[in-house]
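Step one of this worksheet: look at the structure below.
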Amino acid sequence: MEKKTQVIDIDRSRYDFRYAEDESEYLESGIAPDIIAAISEEKNDPDWMREFRLRSLEIYNRTPMVNWGPDIAGLDVDKIVTYIRQKSRMNSDWNDVPEDIKETFEKLGIPQAERESLAGVGAQYDSELVYHNVREEVAQSGVVYTDLESAMHDPKYADMIKSHFMKLVPPTDHKFAALHGAVWSGGSFVYVPKNVHLDIPLQSYFRLNAKGAGQFEHTLIILEEGAYLHFIEGCSAPKYYEAALHAGCVELYVGKGAKLRYSTIENWSKNMYNLNTKRALVEEGGTIEWVSGSFGSHVSYLYPMSILNGRNARAEFTGITFAGEGQNLDTGAKIVHNAPDTSSYMNTKSISKSGGVSTFRSAVVVKENAHGSKSSVNCESLMLDRISRSDTVPVMDIRTKHCDVGHEAKIGRISDETVFYLMSRGLSEEQARAMIVRGFADNVSKELPLEYAVEMNNLIGLEMKGSVG
Amino acid sequence: MSQLLKIENLSAGAEETELLHGVSLAVGEGETHVVMGHNGAGKSTLGSVIMGSPEYTVTGGKIVFNGEDITELSADKRARLGLFLSFQNPIEIPGITLAEFLRNALEQVTGKRIKLWDFKKKLYAAMELLEMDKSYADRDLNVGFSGGEKKKAEILQLLILEPKLAILDETDSGLDVDAVKTVSKGIEEYKKRTGGALIVITHNTKILEALTVDKTHILSAGRIAAEGGAELVDDVIENGFERFSQQGAK
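The listed protein sequences correspond, in order, to chains P and W. For the first sequence, our numbering assigns the number 13 to the initial residue and increments by one for each residue that follows. For the second sequence, our numbering assigns the number 5 to the initial residue and increments by one for each residue that follows.
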């Protein structure tokens, strides 16, 4: 019975298929001003965006590499192909999407998901959105869901984009934010007018197919006063041996009394550097709810940040991270209480196995003016064997006495006694361990949309398969 | 009656220390055996070793169940053959409900899928017998259960899984009079319905009142110090273990 829990590889075949790239057009790898100019040319950027890209590149060139967190020495940005344009233009009729791309998304369950339960879907393949569709009744309510490039050229939204684009996450934020500013491509723009409640979620799906490529999609969501939206984001990529980079950016503006739920299931292939930046600005009485599942990538740096900017603004973050062999997933969340009576709640689970490293970083900042604010952080880690690692790095910066801040962290392993208990009822060791892990993840999977909860349980099942040596 | 469980000259220990020294014991089909002894005499160890706990290593002898040598089998395989252990300290499993767990276990033990509706009916009937509120079915397994509720949940599992032989490790300890009665009712029902065999590890007689004890074994320092019929239980309750300890030491 002295068995060590270890997994060598898991079956990711559902994600690992890929198609030939001959239809695509590569721009040279590496980053020089002329490449950036070529992207602008290709996209027919407005002048301010051309300048923005070049300015971001300058910032990128003078900003030092991050020197904390997981090692990213294996990432050679100069070799990452920054822009791959599919020859196809964006479609709103699924039948017009090129066959191989369509097949990719069909395999991943899109747009079947749309037919069943979504108000709109956007699908990005490599650098460009290839499919976008919004139900008519949703469009009629004034909701806009399109790609950022189109919106930028639409006189109705051009100014809105100019005044919001990378204002929450400026290029000076960190090196990869600067890179994003220079080479961003694709992504989504969502606008929900005042008091419009979208009862069914919008979904975007990002898929990086080309090897040695970078994906730099930008998601900009603006909710006016009293609006409600649930936005779901899914990501995947096939496995290549060359490193790939994802440096997307998500900016969420939640108006007075509005509520945004932002769910992500990320299952990038295990050669991906996932250096993604997500930020929300929440006005008075507004709510941001993040649900975040991180399963894939080789290295992740991911800390969605919520700035509670008006009285009674709320943030809730629910996250799960599963780090297997060869993965170093550094995830967490940051909350800034910047107004009185704001509240935040963070609940995260991290699982590490087969030598995987999972680090949870939380930062709670309570500004002087944020009296009467409440924050509660709860993180639990589970290590499935003795070669895996789990760390918790909580930071609290409290500038007022009149607030209530709590933090609880638990790190544990599956005890032999627990496994024996379940086995004594007829479950095999593998089933017992999978059940314990599923139970551990339960209050996170409850927060996910149903098909994603099923997906997550499948992923846990996959990860646990063969985990008993 | 034919032999259901046959333990021959069993020695076992944990981390270099031998805790059981050549224990032999045989339980026939449908029989009820009582195991008594001081704290630390090896009673719980014996129960855990019969069930296949990885905490202990068998260093000698063998365990035969239903004609099959199970000494090397893992706990799940023993469970599927019809062995059951009611834990002295049942484990809490967050995020998995009692019903979900038990349905899973039942499917593993029987090797058959069971319809949710059929299962629920069976589960609720057993819960009613044990005076457990139905809401416990949807609560996380043992999480936040009181001592008594945990023991009831163990007997609930016994009633649903219907093993051929159940080992009850101090199921009555820490329970108040009413709870012991309820738990006893469950055990009686198990005997009545399945005709299964029992090994009852206990310190007192209350749990035995409704059962017909076939044999009593006194464990002392990892050895069988004395054996007898039902009368031995009363003898021990009255006079204590002292004289058996001395025999055991010889």
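A virtual CB, placed ideally from N, CA and C, is assigned to each residue, including glycine.
(message) Rounded to whole angstroms, what is the Cα-Cα separation between ILE448(P) and ASN43(W)?
(response) 31 Å
(message) Please confirm whether GLY34(W) has its beta-carbon closer than 9 Å to some beta-carbon of chain P.
(response) no
(request) Report the rounded CA-to-CA distance for ASP23(P) versus VAL27(W), giving the unit in angstroms. (result) Because ASP23(P) sits at a pLDDT of 44, beneath the cut-off of 50, its placement in the model cannot be relied upon, and the point is left open.
(message) Strictly under 9 Å for the Cβ-Cβ distance: is SER440(P) near chain W by that measure?
(response) yes
(request) Find out if the Cβ-Cβ distance for the pair ASP176(W), SER48(W) is shorter than 9 Å. (result) no
(message) Residues of the region 422-441 of chain P in Cβ contact with chain W at a cutoff of 9 Å, in chain order, please.
(response) SER427, ASP428, GLU429, THR430, VAL431, PHE432, TYR433, LEU434, MET435, SER436, ARG437, GLY438, LEU439, SER440, GLU441
(request) With DSSP collapsed to three states, give me the class of LYS15(P). (result) Residue placement at LYS15(P) cannot be trusted, given a pLDDT of 37 that sits under 50; what the coordinates show is reported in the next sentence. Looking at LYS15(P) - three-state DSSP - the assignment turns out to be coil, as it is neither helix nor strand.
(request) Look up LYS458(P) in the DSSP assignment and say whether it is helix, strand or coil. (result) coil
(request) Determine the direct distance from the alpha carbon of SER318(P) to that of ARG65(P), and round the result to whole angstroms. (result) 25 Å
(message) Could you give the first and the last residue of the continuous alpha helix (DSSP H) run that contains LYS187(P)?
(response) 187-195
(request) Tell me whether THR214(P) is buried or exposed, calling it buried when 16 or more other Cβ atoms sit within 10 Å of its Cβ. (result) The residue you asked about is not Thr; residue 214(P) is Leu in the sequence shown. By the 10 Å Cβ count, LEU214(P) comes out buried.
(request) Evaluate the contact criterion for the region 15-35 of chain W versus the region 460-476 of chain P: three or more CB pairs, one atom per stretch, below 8 Å. (result) no
(request) List the residues of chain W that MET395(P) touches, going by C-beta distances under 7 Å, in chain order. (result) Those within 7 Å of MET395(P) in chain W number zero; the least Cβ separation is about 16 Å.
(request) Identify which residue in THR184(P), ASP59(P), ASP159(P), ILE173(P) has its Cα closest to the Cα of THR75(P). (result) THR184(P)
(request) Specify the secondary structure class of LYS154(W) as computed by DSSP and reduced to three states. (result) helix
(request) Establish whether the CB of ILE118(W) and some CB of chain P are separated by less than 9 Å. (result) no
(request) Give the straight-line distance between the Cα atoms of ARG326(P) and TYR217(P), rounded to the nearest whole angstrom. (result) 27 Å
(message) With a threshold of 9 Å between beta carbons, is GLY81(P) in contact with chain W?
(response) no
(request) Please work out which residues of its chain come closer than 7 Å, Cβ to Cβ, to PRO461(P), disregarding the five sequence neighbours upstream and downstream, and give them in chain order. (result) PRO213, ILE244, SER275
(request) Just the C-alpha distance for ARG425(P) and PHE149(W), rounded to the nearest angstrom, thanks. (result) 22 Å
(request) May I ask you to report which of helix, strand or coil DSSP gives GLN92(W)? (result) coil
(request) Quick one: using the 10 Å Cβ neighbour count with 16 as the cut-off for buried, is ILE191(W) buried or exposed? (result) buried
(request) Quick one: which unbroken beta strand (DSSP E) runs of 3-plus residues sit fully inside the region 404-465 of chain P? Chain order, please. (result) 415-425
(message) Report the CB separation of GLY354(P) from TYR315(P) in whole angstroms; it is logged as a contact under 8 Å.
(response) The sequence as given places Thr at residue 354(P); Gly does not occur at that position. Not confirmed; about 19 Å, so no contact.
(request) Whole angstroms is fine: what's the gap from VAL147(W)'s alpha carbon to LYS155(W)'s? (result) 13 Å
(message) Assuming TRP302(P) is part of the beta strand (DSSP E), what are its boundary residues?
(response) 299-306
(request) Check the C-beta distance from LEU69(P) over to ILE48(P) and give it rounded, since I have them as a contact under 8 Å. (result) 5 Å
(request) Could you check what DSSP says for ALA230(W) in three-state terms: helix, strand or coil? (result) strand
(request) Determine the DSSP secondary structure at GLN152(P), reduced to helix, strand or coil. (result) helix
(request) Just mark GLU392(P) as buried or exposed, buried being the case when its beta carbon has 16 or more other beta carbons within 10 Å. (result) buried
(request) State yes or no: is the C-beta of ASN108(W) within less than 9 Å of the C-beta of LEU439(P)? (result) yes
(message) According to DSSP, simplified to helix, strand and coil, what is ARG65(P)?
(response) helix
(message) Assuming contact is defined by CB atoms lying nearer than 9 Å, are LEU287(P) and PHE177(P) in contact in what I supplied?
(response) no
(message) For PHE334(P) and ILE363(P), I'd like the C-alpha separation in whole angstroms.
(response) 5 Å
(message) Comparing C-alpha positions only, which one of LEU8(W), ILE11(W), GLN7(W), LEU23(W) sits nearest to ALA4(W)?
(response) In the structure displayed, chain W extends from 5 to 254; residue 4(W) sits before or after that span and is not available.
(request) Tell whether a beta-carbon distance below 9 Å holds between GLY41(W) and LEU223(W). (result) yes
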